[in-house]
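In this text, residue positions in the sequence shown follow our numbering: the first is 1073, and each later residue adds one.
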Amino acid sequence: MKAKTYALIVAALTMATAVCPVSAAAGMKHYGSVAKVADSALNIDGKKDALYDKGLNVRTEVNNGDISANAWLLWSDGYLYVYADVTDAERDTITTDEKETSPWAADSFEIFVDEDNDGENYAMQYRVDAEGYGTWKDRNANENHYTPDDLGNDFRFAAVDGDKGYSIEMRVPMNASKGAEVGINFQVNGVQATSYLVEDGWNTPEYGYITLGDLVKTEEETETQESSAQTADPAVFFALVSIASASVIIFKKKR
């Protein structure tokens, strides 16, 4: 009997190993879980909404010179959001023609997104410069979207100038759902320096990854819920008292 039971357990474990998916990001760095928000919860204006403090904070780790980015991530159905404080003391500008042909030459912040994290295809690439000029590239199709009339409506962005650099905010398309592992990389472009999450920014299989997590409430939703609970407490108390009183009266009548 014991031998039969042992055999059944071994068989079950073997089948479980066969059907359970193996993480495509095995061995790569896991940055953490990213909280979900409603798409309407954030205003894409280059300023840090309070809700970002509930997001995942990730800093660029590979610095080439005095330049870096401190970023916060959130997600909603269909989109990934990123707010980044960029430190870059030496600033430069490029012409409009250069923005439309070589936008990476400007002081800018980029995010690479590998939706399925399979390491087999290139990641999508989204970039916003310090002056608020946005561009993106479909790296698998090798298609550049470098002009304002070619950006579409899904990619939204803004930039705000600061004392030690600038801030960037983006909403980028992302076809992934709760629990998914999404590969990401950041790249900060400066005049004489760059900074990354992963040094080889073009090598998708080397990306670390994030996990898409649970929904979080805005401060307004939390306050409304707490207010409703407080308002309901007296009513619940009196209802319980009434029920208890009625029970006592019924009990006395039965006696």
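Just so it is clear, CB atoms sit at the ideal spot from N, CA and C, and this is done for glycine as well. None of the values given here were measured: they were computed from a predicted structure.
Reducing DSSP to helix, strand and coil, say where residue i ends up.
i: Ser1249; result: coil
i: Lys1126; result: helix
i: Thr1276; result: helix
i: Ala1265; result: coil
i: Gln1230; result: Rather than Gln, the amino acid found at residue 1230 in this sequence is Ala. Correct three-state label for Ala1230: strand.
i: Ala1301; result: The predicted model places Ala1301 with a pLDDT of 46, which falls under 50 and marks its position as unreliable; any figure quoted below should be read in that light. DSSP places Ala1301 in helix when its eight states are reduced to three.
i: Met1117; result: Sequence check: residue 1117 is Asp here, not Met. Looking at Asp1117 - three-state DSSP - the assignment turns out to be coil, as it is neither helix nor strand.
i: Asp1111; result: helix
i: Asp1221; result: helix
i: Val1288; result: coil
i: Thr1132; result: coil
i: Val1270; result: coil
i: Gly1150; result: coil
What does residue i pair with, by DSSP beta-bridge criteria?
i: Asp1037; result: Here the chain comprises residues numbered 1073 to 1327, so residue 1037 is not present and cannot be evaluated.
i: Thr1348; result: Lying before the first or after the last residue shown, residue 1348 is absent from the chain, which here runs from 1073 to 1327.
Taking C-beta to C-beta, are residue i and residue j nearer than 7 Å?
i: Tyr1194; j: Thr1207; result: no
i: Tyr1153; j: Ile1282; result: no
i: Asn1261; j: Ser1180; result: yes
i: Phe1229; j: Val1200; result: yes
i: Trp1144; j: Tyr1155; result: yes
i: Leu1360; j: Val1158; result: Because the chain here runs from 1073 to 1327, residue 1360 falls outside it and cannot be looked at.
i: Lys1108; j: Leu1223; result: no
i: Ala1248; j: Gly1137; result: no
i: Tyr1205; j: Lys1236; result: no
i: Glu1162; j: Met1246; result: no
i: Ser1267; j: Asn1135; result: yes
i: Ala1231; j: Ala1202; result: yes
i: Asn1257; j: Val1270; result: yes
i: Ile1116; j: Glu1278; result: no
i: Asp1121; j: Leu1114; result: yes
i: Asn1214; j: Gly1255; result: no
i: Gly1191; j: Thr1132; result: no
Between which two residues does the beta strand (DSSP E) holding residue i run?
i: Val1106; result: His1102 to Lys1108
i: Glu1215; result: Glu1215 to His1217
Ranges of the beta strand (DSSP E) found wholly within the segment 1167 to 1212, counting only runs of at least 3: As for any beta strand (DSSP E) of minimum length 3 sitting wholly inside the segment 1167 to 1212, the runs are 1180 to 1186, 1196 to 1201 and 1206 to 1210, ordered along the chain.
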